[in-house]
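Taking it in order: structure first as structure tokens, then the write-up.
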Amino acid sequence: MKIKLKVEMQWLELERKSMEKMKRNYMLWERATLQKAKDASDLSDLRRVFYELGDRWEFDQTSGAWLSDSEPLDTIGLILRIPGLKPNKERYVVYAVMAYSKGLTDQFDHLGDKERIIIERDTKSGSLQCWSTTGHGEMDLFPTDLTTFGSLRNALASCKLIAQPGDHALRLEVPNSSGVTNTIIMRLWEIAGGTQSYHTKEIDVLTEDDIEKFLDFKFHRYANSIIELDKIWRHLSGGTVEWAKERVLDKIPDHVEERDKQTLRRIEGLLHVLWFKPAFSQLRPVEMIYDELQSEPTPTETQRTLIPYLGELAYALTDITEKAKYLKWKSVIDKPSFMKNEAFKECNLTPLVQEAFAAALDDVLREHTLAYIGYPEKATLKNKFLRVIFSSIILPLRLLSSFRIAVVSLIRKIYLKLKEKTISTIPKESDDSIERESTN
């Protein structure tokens, strides 16, 4: 499917200039690297050259290709489906990945901007709520109501995404006909934009069906396994009065209860890792606890209950991390086969943008935590505080900035008019004085 994307022209110009500068630097790096290889006197010298390149080789070479063939802020969208935290809720994380976006960093340090919005659907009532990103990856406090659009597809097709690279934000702009509240909010953002001009283009978006069915990337299963483990941990930890009564009535022996407490404490620590560490950092602690419980000769009832949840999590986590690495590898090593995947059938994507998509999936799992991706309610206290701050000040600051620019512009216009008027009167007075002198 396709979505309309708006980007401020100033960022496109900045990106274009940065690309030219970095392209020159890349060509110098390329020539120097090739020269080192040519100057190698034997295989030992050549091996030394490759050791010097290290892990940066693949990324620098790919970045060089993007610099040569891509347009400023080339963008591809992708949708990850995840379960909601409440019954009858499901969420969709819409990422906009800029295949090349280094204008603000001026160095080869990341793929590009990967910003997202979160849309939650109530499967019973059909309501749709959207949280945009206000700044530095933090989500809005209050959602935009998209229920009138009926479905996720209609909402995305009817609205526009607005990328704000300077704020590291992505907003959903809804039409004026989508309700009084939405109209007022959109009008405020228009005022906040001031005199900025925008470039609008259509971008291709890989839907959740494309990603799950054709690319076999089961992110929903991974997120669901963490939520289910969280639920059973809360239940086993005595989160309900009924469970507390059971423990008293069953008269669990002290040594068994102590083992259960230790196990549940470890699960609590694991859940902290699962919510607040990227997926690629999770596999080792998950497998460690899972293997220990499986090899326990006399597991307690609590431990037996936890084993299948940990097993499902280990499988789902291994599946998405290995699939992300495989897709990234295939996009570079076996391009023809990767390009022919059914997921890209209806998309008009350049090979480089397809490559960027594969790299983005891998990067999301290496950089973004599950709480960050789709569950801001689970954020740490620090991030919740930042969310409140950014949601509260971004729009007012932009409004003040827009007002200041408008006032300065008005004062400049008045000053120029007064200056022109003053200049225009000087020659006239001189002519009059010359005429009077000639008369005398």
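All residue numbers for the sequence shown refer to the working numbering, where the first residue is 2 and numbers rise by one.
In this text, a Cβ means the ideal position worked out from N, Cα and C, and glycines have one as well.
Assigned secondary structure, residue i (DSSP; H/G/I helix, E/B strand, else coil)
| i | result |
| --- | --- |
| residue 13 | helix |
| residue 140 | strand |
| residue 306 | helix |
| residue 6 | strand |
| residue 199 | strand |
| residue 133 | coil |
| residue 21 | helix |
| residue 335 | coil |
| residue 162 | strand |
| residue 114 | coil |
| residue 422 | helix |
| residue 299 | coil |
| residue 95 | strand |
| residue 389 | helix |
| residue 380 | coil |
| residue 90 | strand |
| residue 351 | coil |
| residue 168 | coil |
| residue 319 | helix |
| residue 270 | helix |
| residue 123 | strand |
| residue 288 | helix |
| residue 81 | strand |
| residue 264 | helix |
| residue 40 | helix |
Residue burial classification, residue i (beta-carbon count within 10 angstroms, cutoff 16)
| i | result |
| --- | --- |
| residue 409 | exposed |
| residue 221 | buried |
| residue 209 | buried |
| residue 1 | The requested residue 1 does not occur in the structure, where the chain is confined to residues 2 to 441. |
| residue 283 | buried |
| residue 16 | buried |
| residue 291 | buried |
| residue 103 | Note that residue 103 scores 46 on pLDDT, short of 50, meaning its location in the model is unreliable and no value can be drawn from it. |
| residue 423 | exposed |
| residue 75 | buried |
| residue 28 | exposed |
| residue 40 | exposed |
| residue 417 | exposed |
| residue 43 | exposed |
| residue 415 | exposed |
For residue i, the nearest candidate out of the options (CA to CA)
| i | options | result |
| --- | --- | --- |
| residue 214 | 420, 52, 342 | 342 |
| residue 336 | 198, 357, 29, 116 | 357 |
| residue 286 | 270, 3, 297 | 270 |
| residue 1 | 132, 124, 157 | For the chain, the structure presents residues 2 to 441; residue 1 sits outside this window and is missing. |
| residue 175 | 4, 204, 218, 42 | 4 |
| residue 11 | 165, 119, 131, 49 | 165 |
| residue 370 | 381, 389, 384, 277 | 277 |
| residue 163 | 9, 236, 47, 365 | 9 |
| residue 198 | 120, 420, 421, 13 | 13 |
| residue 259 | 26, 133, 304 | 304 |
| residue 132 | 123, 139, 76, 119 | 119 |
| residue 289 | 298, 279, 268, 88 | 268 |
| residue 218 | 413, 420, 319 | 319 |
| residue 262 | 274, 76, 236 | 236 |
| residue 161 | 226, 123, 205, 168 | 205 |
| residue 313 | 207, 152, 123, 226 | 226 |
| residue 367 | 295, 275, 299, 415 | 275 |
| residue 154 | 202, 207, 117 | 207 |
| residue 350 | 43, 203, 22, 216 | 203 |
| residue 117 | 81, 297, 150 | 81 |
Whether residue i touches residue j by CB criterion (8 Å)
| i | j | result |
| --- | --- | --- |
| residue 83 | residue 224 | yes |
| residue 257 | residue 301 | yes |
| residue 359 | residue 328 | yes |
| residue 115 | residue 96 | yes |
| residue 325 | residue 362 | yes |
| residue 171 | residue 389 | no |
| residue 148 | residue 128 | yes |
| residue 1 | residue 2 | Nothing can be reported for residue 1, as the shown portion of the chain is limited to 2 through 441. |
| residue 238 | residue 272 | no |
| residue 85 | residue 121 | yes |
| residue 391 | residue 135 | yes |
| residue 212 | residue 79 | yes |
| residue 137 | residue 169 | yes |
| residue 322 | residue 280 | yes |
| residue 77 | residue 98 | yes |
**Request:** Evaluate contact between the stretch 298 to 309 and the stretch 320 to 337, counting only Cβ atoms and requiring at least three cross-stretch pairs below 8 Å.
**Result:** The stretch 298 to 309, when compared against the stretch 320 to 337, does not touch it at the 8 Å Cβ threshold.
**Asked** Do three or more CB pairs link the stretch 374 to 390 to the stretch 78 to 95 at distances below 8 Å?
**Response** At 8 Å Cβ cutoff, the stretches touch.
**Request:** Decide yes or no for the touch test of the stretch 218 to 235 against the stretch 31 to 40: beta carbon pairs closer than 8 Å, at least 3 of them.
**Result:** In short, these stretches do not touch, since the Cβ pair count stays below three.
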